[in-house]
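Participant:
Numbering (the working numbering), first residue to last: -13 to 153.
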């Protein structure tokens, strides 16, 4: 299977074949989104005659980001509730977005950039004609809730001032 950005039909064909031999409880899981910082790099794929490394959000790539080097990858994954495997479903190359969880040091960094409920972007520090967008990693919160359920009966999530008691 080739590695390309976006959704790949081959991934879903393999998952369909794999899941046909699994018990129903082994098929249940969650979709996760994870973002990572990448070094900007552009390469030419001799097999597909395509250029890799440019911003690629499929049909949703903003006009102003077309033909720009991507510096972040957004990965969509499936993780079963049972089992120790994770399957990447898609990957999209983006630019000018910072995604973080709600850790104290990240909220502090957001404040330094002037990010709040009313303001989710700031002027890009290297190019004043661009915006730098900040996104909260909600799937990370869900993952932490799952992990805490295993370890303890109750916990607090301060970013949302949310108290959850698990039974």
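Ideal Cβ placement from N, Cα and C applies to all residues, glycine included.
Compute the Euclidean distance between the alpha carbons of residue 121 and residue 64, then round it to the nearest angstrom.
Facilitator: For the purposes of this step, residue 121 is taken as the residue at position 135 of the chain shown. For the purposes of this step, residue 64 is taken as the residue at position 78 of the chain shown. The alpha-carbon atoms of residue 121 and residue 64 are separated by roughly 21 angstroms.
Participant: Checking the sheet assignment: what are the DSSP bridge partners for residue 83?
Facilitator: Taking the chain shown and counting its residues from 1, one reaches residue 83 at position 97. Answer is 119, bridged to residue 83.
Participant: Name the DSSP beta bridge partners of residue 44, please?
Facilitator: Translated into positions along the chain shown, residue 44 becomes position 58. Answer is none; residue 44 lacks a bridge partner.
Participant: Go ahead and pull the three-state DSSP assignment for residue 36.
Facilitator: Within the chain shown, numbered from 1, the residue matching residue 36 stands at position 50. In the structure shown, residue 36 sits in a strand (DSSP, three-state: E or B).
Participant: By Cβ distance below 7 angstroms, which residues in the same chain neighbour residue -9 in space, the five residues on each side in sequence not counted?
Facilitator: On the chain shown, position 5 is the one that residue -9 refers to. 42, 77, 78, 79.
Participant: What span of residues does the beta strand (DSSP E) with residue 64 cover, start to end?
Facilitator: Working through the chain shown from its first residue, we reach residue 64 at position 78. Looking at the DSSP string, the run of the beta strand (DSSP E) that includes residue 64 is 58 to 66.
Participant: Look at residue 40 and residue 55 and say whether their C-beta atoms are less than 8 angstroms apart.
Facilitator: Reading the chain shown from its first residue, position 54 is the one you call residue 40. Reading the chain shown from its first residue, position 69 is the one you call residue 55. It is a contact, given that the beta carbons lie within the stated cut-off.
Participant: Over the uninterrupted beta strand (DSSP E) stretch that includes residue 109, give me the two end residues.
Facilitator: Here the question's residue 109 lines up with position 123 in the chain shown. First-last of the beta strand (DSSP E) with residue 109: 107 to 109.
Participant: Taking the alpha-carbon positions, what's the residue 85 to residue 49 distance?
Facilitator: Taking the first residue of the chain shown as 1, we reach residue 85 at position 99. Taking the first residue of the chain shown as 1, we reach residue 49 at position 63. Cα-Cα distance, rounded: 21 angstroms.
Participant: Put residue 2 into one of helix, strand or coil per three-state DSSP.
Facilitator: Indexing the chain shown from 1 puts residue 2 at position 16. The answer is helix: DSSP assigns residue 2 an H, G or I state.
Participant: What are the start and end residues of the alpha helix (DSSP H) that includes residue 97?
Facilitator: Counting from 1 along the chain shown, the entry for residue 97 is found at position 111. Its alpha helix (DSSP H) spans residues 90 to 98.
Participant: Per DSSP, what kind of secondary structure is residue -9 in: helix, strand or coil?
Facilitator: What you label residue -9 is simply residue 5 of the chain shown in a count that begins at 1. Coil, per DSSP.
Participant: So what does residue 15 bridge to, in DSSP terms?
Facilitator: Here residue 15 is taken as the residue at index 29 of the chain shown, counted from 1. Beta-bridge pairing links residue 15 to 66.
Participant: Would you kindly check if the distance between the Cβ of residue 16 and the Cβ of residue 75 is under 8 angstroms?
Facilitator: Residue numbering aside, residue 75 sits at position 89 when the chain shown is read from its first letter. Residue numbering aside, residue 16 sits at position 30 when the chain shown is read from its first letter. Cβ distance not < 8 angstroms, so residue 75 and residue 16 don't count as in contact.
Participant: For the putative contact between residue 69 and residue 26, defined by C-beta atoms under 8 angstroms, what is the C-beta separation to the nearest angstrom?
Facilitator: Your numbering for residue 69 matches position 83 in the chain shown. Your numbering for residue 26 matches position 40 in the chain shown. Actually they are not in contact, since the Cβ atoms of residue 69 and residue 26 sit about 35 angstroms apart, beyond 8 angstroms.
Participant: Buried or exposed: which applies to residue 45, given that a residue is buried once 16 or more other Cβ atoms fall within 10 Å of its Cβ?
Facilitator: The residue given as residue 45 occupies position 59 in the chain shown. Its Cβ having fewer than 16 others within 10 Å, residue 45 is exposed.
Participant: Would you kindly work out how many angstroms separate the C-alpha atoms of residue 32 and residue 38, rounded to a whole number?
Facilitator: One-based indexing of the chain shown puts residue 32 at position 46. One-based indexing of the chain shown puts residue 38 at position 52. Approximately 11 angstroms, taken between the alpha carbons.
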